[in-house]
Amino acid sequence: MRKQIFLVFALIVIVFISMFYRNSEALESNLENEIIKILNHENSVDYFTEKERTKIRVLADQTKVLGYSDLEVSVFQNPEENKVYALLEAKNPKDTKIKGVSYITMYLGDNAKIESIIVSEWVNIKPDKANF
Amino acid sequence: MKPSIMNKVKTWIVVAMIFAMIFIIVATVEIFDYMLSKQQNAEIDQLSQVITNTIDNSIYAEEVIESYLIQLLGIEIEEIIEHINDIDQSKWDKELLENIMKDYKLSGVALFVDQGNDIVIENSTSETEIGRSTKKWGFWYDAFRQLFDNGTVSLDRGFSDGAFWVGPRSLAYGQDGYYLFAYYKIPNKPYLLNIYVNDSKAFGLVKENDPNKLLAKMTEISTFIDEISVVNVEAWNARFTESNRTNLQDFTIHYGKHTYFKAEDIYYLNKVNNMSQNESMSFDFVVNGNEYTKMYKKVSKDTVMTFVMNHLERRVLKQNMIYIIVGSLVFIGFLAFLIITYFTSKYSDLLDIERERLFTAEEFKHTVRILPSMIFRLKQLESEIVVLYCEGKALSELDIIAEESKNQSLELILPQDYLDVAWEAIESAFAGNSKYFEYRKNNKIYNNMVTPVSGSSLSENKEIIIFANDVTRLRNSEERAKHMAYHDSLTLLPNRHYFKETIEDFIGSKEASFTICFIDLDGFKNVNDTSGHDMGDELLKEVAHRIKKHLSDDDFAARMGGDEFAIIYKGILDREIIASKLIALKNILSEEYIIKEHYFKISASIGVSQYPVDGLDYTTLLKKADIALYDVKYSGKNNFAFYMEKFDAEQ
């Protein structure tokens, strides 16, 4: 009887784990950390060439000028495309109603290596205001 | 089916039922979740249709008013051009522009100058615009460049009429509201005249039905929609997937709010933009532990509507569904339990009685097993007696195995010697009478009670019980007590009491004759006094030993007390024979004793009386033997004498 009860509980646990389990892609996670490191002018693993790294550093400099802080990066990649999209969000400590949004579009070459990137400039978003 | 297999089947049925219940709960919750999701999608379809219609109406109204405004702006700008052409270019200053703005009730006026590789705002009624480059203004810059280079705009944007061009309704830097910006290439001058109006004045009527208000209202009313936005995909791409395009004037979000930015936005917006109208895609995401779904729905060319839906309603419904299902199952289970209990209460009582009976039987069996006894329940059939039941620790003494004995013939189970002593009692019990008998085996004594089973019908169902109780210890104790009561503990010879009973038994038998010899040791008191009582006791034991050696099988000897002994010669009255025996005895007792390396010399005086010659009872016989003994003692000891009547006179 004990064996059967254990089996039931084991299956229930497996069902719940499979329901709530979310697979996190290593590349996405690594890129998030990598971009944050570059934005913070820290040493990073060689995901980007120096040229592409410079583009992100320009954004980092703009970030500093605009006074943004609390940077958050999230990354999305769809297997259909050879692109990876990174969303950068930041807070404006002077005006908490404004948040900054920027996207980095990364083009992948062979072996999923990043060939080139396009970095948009920061866009001010006012959550209480329609349109922008 | 074997009980073990039955138990396994029952167990698996229980396991299957648990799985079925879990499956029912999960499936029901998922079905309801799916249905609610479908319902929400249907609501979104309806909402998007309403929004689209509203936007279309709004756009139509705006286009009408915009068309009218453009005509007005066209007329005004030509007038203004004529006016400023009459003024020296050196006086095209801010004051002139502000006067124009005031005279024509405009929102602003500016002058753009062509610098070759850039077009810059040289002067403006808005201080913040002066000196601003337009090179990063996307299609706006392209339109300016075409005005300078070609004299007209061929872009598929805004309204173009010769050197006059009006851009799409748009934003103004640092100012709220929507504007119409009109440009005119000033002939023969590297300048564009820009006049613009805020549509809040012109579009006041349309604003009453502004789609933004509708979207805000929908978001407020809906329980699951947190945000709705209508996205200009082309503007989105220009703003976010190209470098250096932050200063766009065209709207990225046509209507509504867009604050839930996701990394997936660019992919889904473009994917859905390439799909057919009303097709949609969505994905789930989590913010601060709350689940959301973001849906992208194609509205028209380069226009995609986004909905951010929270899962709160679905989560609450899921929870409620789980509570309802689990509660219902518990209630149904409880109800079923009550019903089953009600309809099976009679059987439950019977089961309780049966359970109690089995428990009692098991206790009884356990008790019998540990007792040194055995019990047989027997039934008489036509031709034989069979064992219905047998149990007990003592069964092993008879080499009987209880489990193998049931329904076997009694004669096959019991050893023959047991049957020999038990048969009479068994027959008697089957006749209705209890009987007892003893059975001895392997130094064990069993007291057997054979009795009919009370309550059983003697005529139809003859059953009896043999209860064999091990009484070995009891019997041994009895025999030991009896021995102690009838024997002297020092010499182990029979004592005076035993001697008396023996004499009386002899007297009671027909044709009895015997001789009593009463013995008193000479010199024993001296040994006792000089060598101690221990030595005296040892001497008495040796005397008893020598007396026993002297006796034949029919003779009887006893210690009467102290240093007095007695002998009975049964069936012998011949005085010569007695005398020869007593001479031999006297000689044996007079021989030297060696006890613990000490030498002792004693003798014996013996008085003799005979039955029935000298007396007919024990007291008389013993008294007369004692009188004869006294005579011997008086005559010098170490001798024997038969009783004579003259001794009475001498005393």
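Residue numbers (the numbering used here), protein chains in the order written: chain A, 1 to 132; chain B, 1001 to 1651.
Even for Gly, the Cβ is constructed at its ideal location relative to N, Cα and C.
Between the stretch 1257-1271 of chain B and the stretch 79-89 of chain A, the count of C-beta pairs closer than 8 Å reaches three or more; the two stretches touch. The beta-carbon of residue 1242/B is placed less than 8 Å from the nearest beta-carbon of chain A.
For residue 119/A, the chain B residues whose C-beta falls within less than 9 Å of its own C-beta are 1243, listed in chain order. Residue 1306/B does not reach chain A, its nearest Cβ partner there being about 13 Å away, counting only Cβ pairs nearer than 9 Å.
Cβ neighbours of residue 1153/B within its own chain (closer than 7 Å, five residues either side excluded): 1143, 1146, 1147, 1160 and 1165. The CB of residue 1296/B never comes closer than 7 Å to any CB in chain A; the least such distance is about 13 Å.
In this structure, the straight-line span from the alpha carbon of residue 1073/B to that of residue 1305/B is close to 33 Å. Within the stretch 1262-1277 of chain B, the residues whose Cβ lies closer than 7 Å to some Cβ of chain A are 1262, 1263, 1264, 1266 and 1267, listed in chain order.
Exposed is the label assigned to residue 1620/B, since fewer than 16 other Cβ atoms lie within 10 Å of its Cβ.
Under the DSSP assignment, residue 1108/B falls in the beta strand (DSSP E) whose first and last residues are 1108-1114.
Taking a Cβ-Cβ threshold of 8 Å, the residues of chain B close to residue 89/A are 1261, in chain order.
Residue 1007/B carries a helical assignment under DSSP once its states are collapsed to helix, strand and coil.
Within a 10 Å sphere around the beta-carbon of residue 103/A sit 16 or more other beta-carbons, which makes this residue buried. Boundaries of the beta strand (DSSP E) harbouring residue 77/A: 69-77, taken from the DSSP string. Between residue 1480/B and residue 1561/B, the gap from beta carbon to beta carbon reaches 8 Å or more. By the 16-neighbour rule on beta-carbons within 10 angstroms, residue 1112/B is buried. For residue 1558/B, the pairing in a beta bridge is given by DSSP as 1566/B.
Residue 1314/B does not reach chain A, its nearest Cβ partner there being about 14 Å away, counting only Cβ pairs nearer than 8 Å. At least 8 Å separates the CB of residue 1132/B from every CB of chain A.
Judged by DSSP in its simplified three-state form, residue 1648/B adopts helix. Under a criterion of Cβ atoms nearer than 8 Å, the residues of chain B adjacent to residue 76/A are, in order, 1262, 1263, 1264 and 1267. Here residue 1566/B has 1499, 1518, 1558 and 1560 as same chain residues with Cβ atoms under 6 Å from its own Cβ, once five neighbours each way along the sequence are excluded. Contact note: residue 1169/B does not reach chain A at a C-beta cutoff of 8 Å; the least C-beta distance is about 11 Å. DSSP places residue 97/A in no beta strand (DSSP E); its state is neither H nor E. Considering only beta carbons, the part of the stretch 49-71 of chain A lying closer than 9 Å to chain B consists of 55, in chain order. According to the DSSP assignment, residue 1165/B belongs to no alpha helix (DSSP H) but to the beta strand (DSSP E) extending over 1164-1166.
Secondary structure note for residue 1141/B: it is in no beta strand (DSSP E), and the uninterrupted alpha helix (DSSP H) holding it is 1139-1150. Its Cα nearest to that of residue 1051/B, the residue 1278/B stands out among 1278/B, 1607/B, 1140/B and 1477/B. Residue 1239/B belongs to the set of residues whose beta carbon lies under 8 Å from a beta carbon in chain A. Taking C-beta atoms under 8 Å as the contact rule, residue 1605/B and residue 1520/B qualify, at a distance of about 5 Å. When secondary structure is reduced to three states using DSSP, residue 1305/B falls in the strand class. Minimum Cα-Cα distance from residue 1210/B among the listed residues 1578/B, 1254/B, 1556/B and 1420/B corresponds to 1254/B. Under the Cβ criterion (8 Å, minimum of three pairs), the stretch 1465-1476 of chain B counts as touching the stretch 1374-1390 of chain B. Note on geometry: alpha-carbon atoms of residue 1054/B and residue 1258/B lie some 19 Å from one another. Between residue 1101/B and residue 1128/B the beta-carbon gap is near 15 Å, outside 8 Å, which marks them as no contact. Per DSSP, residue 109/A is not a residue of any beta strand (DSSP E), being assigned neither H nor E.
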